[in-house]
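Working notes, structure below.
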Amino acid sequence: MTTTAAAESQPFQAEVAELLHLMVHSVYSETDIFLRELISNASDACDKLRYEAIANPSLITDGTPPEIRIVPNKAANTLAVVDTGIGMERQELIDNLGTIARSGTRSFLSKLTEAKDGANLIGQFGVGFYAAFMVAEKIVVTSRRAGSDEVWVWTSEGGSGFEIAPVGEEAAQRVARGTEIVLHLKKDAAKYLEAYEIERIVREYSDNIQFPILLVPEEGEPRQINSASALWQRSKSELKPEDYAQAYKQIAGAFDEPAMTLHYRAEGRQSYAVLLFAPSQKPFDLFQVERKGKVKLYVRRVFIADDAELLPAYLRFIRGVIDSEDLPLNISREMLQNNPQLAQIRKAVTGRVIGELETLGEKEPETFAKIWNAFGPVIKEGLWEDFERRDKLLALARFTTTSGENRSLKQVVDDFKPNQTEIYYLVGDSVERLKSNPKLESARARGIEVLLLTDPVDAFWTSAPLDFGGKPLKSLSQGDVDFGLIPLADDKDDKKDEPAADAATTIAVIKDALGERVSDVRASQRLTASASCLVAGGDARDRALERLLAQQNRGAITKPVLEINLRHPLVAALATDTAQAKDLSLLLFEQAQILDGEMPDDPAAFAGRMNQLVLRGLGK
């Protein structure tokens with residue numbers, strides 16, 4: 023390429039070396055990103071031409087449509103990205119391609135974060151542009167602004183500065199409008215000259231760019247390699263259920279059908295399109311430790327990230343796309359996490375997803391049940407983590423109870439018994455074991471519905487002080503429980519007339535026998551048929567939570583309270599059979615441990631006591 027005048031050298035400011043080092047070694051972890059950035063810049067240039075042509079139609083009178091061409095040249099070891107967008111004049115080349123040089127690190131990042139309007143489409147050109155130095159040892163940019171006769175070339179090897187000059191006739195004829203970026207590739211970047219590699223990157227990052235992306239092979243005809251159609255940007259009235267199903271499978275890489283689809287556009291202080299899906303089957307990575315989300319972030323139809331934390335972790339099963347018109351093309355995870363615009367989008371979209379789930383639960387309970395059965399344990403993480411939305415999540419939750427499955431708290435409260443003021447629950451390993459738990463006996467005798475909680479997360483969220491509609495949630499494994507004001511469902515269950523052991527004497531005998539194994543012994547209001555059970559004291563953590571934390575070495579198990587049924591024959595025998603009092607007391611304690619899913623402290627001693635009592639009953 024020849025120029026009609028000597029090239030003018032322009033130095034970068036002192037901080038450019040630091041910023042280029044940051045861009046190449048710290049900001050981007052994969053070199054593929056450079057092509058995404060260059061295509062994005064080209065798309066922005068085409069976008070700006072479209073906007074400016076509204077007021078000045080003469081800019082596009084030549085009939086050349088806005089498009090992007092990618093031209094690999096193995097012989098010259100160059101890769102060109104060419105657009106027919108707005109183009110740049112001399113000063114714009116200096117300003118736009120020198121953005122990081124003249125901004126300084128702090129002001130540059132601040133400027134990138136605060137970018138909001140369409141006039142800034144080209145303003146960010148210098149950011150992603152420099153990512154190209156990850157793969158190029160030299161970059162030559164030739165540009166002609168729409169409506170201008172002047173064509174300028176900008177050249178840099180990424181060192182201390184760049185050169186800028188007017189171009190010769192050959193280049194002027196080649197670039198009728200827009201910008202041509204030619205990368206002289208490094209030796210280890212030769213793979214980016216392969217057509218399949220270029221197509222892979224475009225499909226992954228830029229498939230939904232709204233302008234055609236043409237691959238111009240060294241042999242053969244140019245062909246379009248992107249779909250140039252963002253389904254989420256289209257009106258809902260244009261789309262059919264099968265369109266959404268296909269989009270879900272493509273976006274999520276899934277094979278099931280979506281159980282819920284949420285598609286809308288937000289306008290106002292921020293503009294963004296949302297297309298989200300709730301799967302009908304559990305993804306394999308649902309319970310990975312990182313708890314990463316899978317909602318993809320796009321900015322003006324340019325793929326940015328697939329784990330930008332666009333929804334809270336307890337909604338990580340949601341798949342889809344959020345496409346912002348206002349966000350800058352962020353360059354680091356730190357900026358994605360701290361960007362205030364993204365935080366506003368996250369808050370608004372989270373509320374919309376929860377609202378859509380609520381509507382589904384009311385209008386299509388069977389469909390919602392599929393979602394809850396698959397992802398309920400994940401959603402319940404929000405009861406522990408998201409204080410702001412806890413009430414909504416409690417209303418959304420469905421539970422297995424002693425009365426049925428997929429019961430809401432509203433249904434539970436609506437079925438309260440006379441004088442009932444609390445919502446009762448039990449936490450355990452399985453529904454079957456909980457249904458046989460003796461702590462349910464008194465509640466069952468009164469027809470009180472009890473939540474049966476078996477997910478590991480249940481032990482955590484129930485440790486917070488919770489209420490629903492002013493009705494507190496109360497564990498049947500913790501503190502005092504008094505059902506005295508709630509009538510029995512059947513008068514035959516009333517055992518007040520049955521003889522009871524003397525409370526003071528019996529409790530004293532058991533305390534003496536058990537010693538430090540328990541924190542207290544007391545008469546139970548929970549039991550009607552069983553002899554004993556173990557509960558946590560009023561200030562202690564629920565026993566299910568303590569066991570879970572102990573398994574993870576995150577705390578010791580405190581001494582439990584042993585509750586006894588004074589009307590049970592085994593308990594009554596304690597006061598009269600002093601010779602067997604210690605063995606009977608230990609048996610009550612160990613039975614309660616087993617019923618709670620724990621092993622006795624000394625299984626061999628427990629077996630020996632049981633054998634002795636059986637032989638005694640047999641008269642041997």
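According to my numbering, the stretch in the sequence shown is residues 23 to 642, in order.
Ideal Cβ placement from N, Cα and C applies to all residues, glycine included.
Query, Result
"E202 - partner residues in DSSP beta bridges", "V104 and T164"
"Buried versus exposed, by CB contacts within 10 Å (16 or more), R565", "buried"
"DSSP three-state assignment for M282, whether helix, strand or coil", "strand"
"Length of the line joining the Cα atoms of D117 and E30", "15 angstroms"
"Inter-stretch contact at 8 angstroms, needing at least 3 Cβ pairs: the segment 371-378 / the segment 439-457", "no"
"Cβ-based neighbour list, L207, same chain, cut-off 8 angstroms, excluding 5 preceding and 5 following", "N99, T100, L101, V157, A158, E159, Y214 and L215"
"Cβ neighbour criterion (16 or more within 10 Å) applied to A193", "buried"
"Rounded distance between the beta-carbons of S552 and E444, thought under 8 angstroms", "About 22 angstroms separates the two Cβ atoms, so there is no contact after all."
"Cβ neighbour criterion (16 or more within 10 Å) applied to D480", "buried"
"D345 (DSSP reduced to helix, strand or coil)", "strand"
"Proximal residues to F299 (C-beta, below 6 angstroms), its chain only, five neighbours per side dropped", "Y270, P280, T283, R341 and G342"
"Contact check, C555 vs R563, beta carbons under 8 angstroms", "no"
"Element boundaries [beta strand (DSSP E), containing E52]", "Per DSSP, E52 belongs to no beta strand (DSSP E) and is neither H nor E."
"Length of the line joining the Cα atoms of V317 and D328", "6 angstroms"
"Beta-bridge pairing of Q32 - partner residues as DSSP gives them", "F184"
"Alpha-carbon to alpha-carbon, T484 and A572", "17 angstroms"
"Where I161 falls, given that 16 or more other Cβ within 10 Å makes a residue buried", "buried"
"Whole-angstrom C-beta distance between Y447 and A2, which should lie under 8 angstroms", "Residue 2 lies beyond the residue range present for the chain, which begins at 23 and ends at 642; the question has no answer from this structure."
"Range covered by the beta strand (DSSP E) that runs through R544", "D542 to A545"
"Where I326 falls: helix, strand or coil (DSSP)", "strand"
"Own chain residues within Cβ distance below 8 angstroms of L382, not counting five before or after", "M282, T389, F390 and I393"
"C-beta atoms of K457 and S499 nearer than 8 angstroms", "no"
"Cβ neighbours of G404 in the same chain (closer than 8 angstroms, five flanking residues each side left out)", "P334, Y336, L337, R411, R412 and L415"
"Coarse secondary structure for A250, derived from DSSP in three states", "coil"
"Through-space distance from F438 to P509, alpha-carbon basis", "12 angstroms"
"Bridge partner(s) assigned by DSSP for V157", "DSSP, once it has assigned bridges, lists no residue as partnering V157."
"C-alpha gap between S257 and I90, whole angstroms", "26 angstroms"
"Beta-carbon spacing of L584, I616 below 8 angstroms", "no"
"Continuous beta strand (DSSP E) assignments of at least 3 residues falling wholly in the segment 461-537", "472-475 and 493-497"
"CB contact check: R112 to chain B, cutoff 8 angstroms", "Of the protein chains in the structure, only one exists, and it is not chain B."
"Segment limits, alpha helix (DSSP H) that includes I376", "P362 to K385"
"First through last residue of the alpha helix (DSSP H) which encompasses F306", "First-last for F306: undefined, no H or E at that position."
"Opposing strand residues paired with L448 [DSSP bridges]", "L474"
"Burial state of G641 (16 or more Cβ within 10 Å)", "exposed"
"G639 burial status per 10 Å Cβ neighbour count (16 or more: buried)", "exposed"
"Reduced DSSP secondary structure (H/G/I, E/B, other) of S178", "strand"
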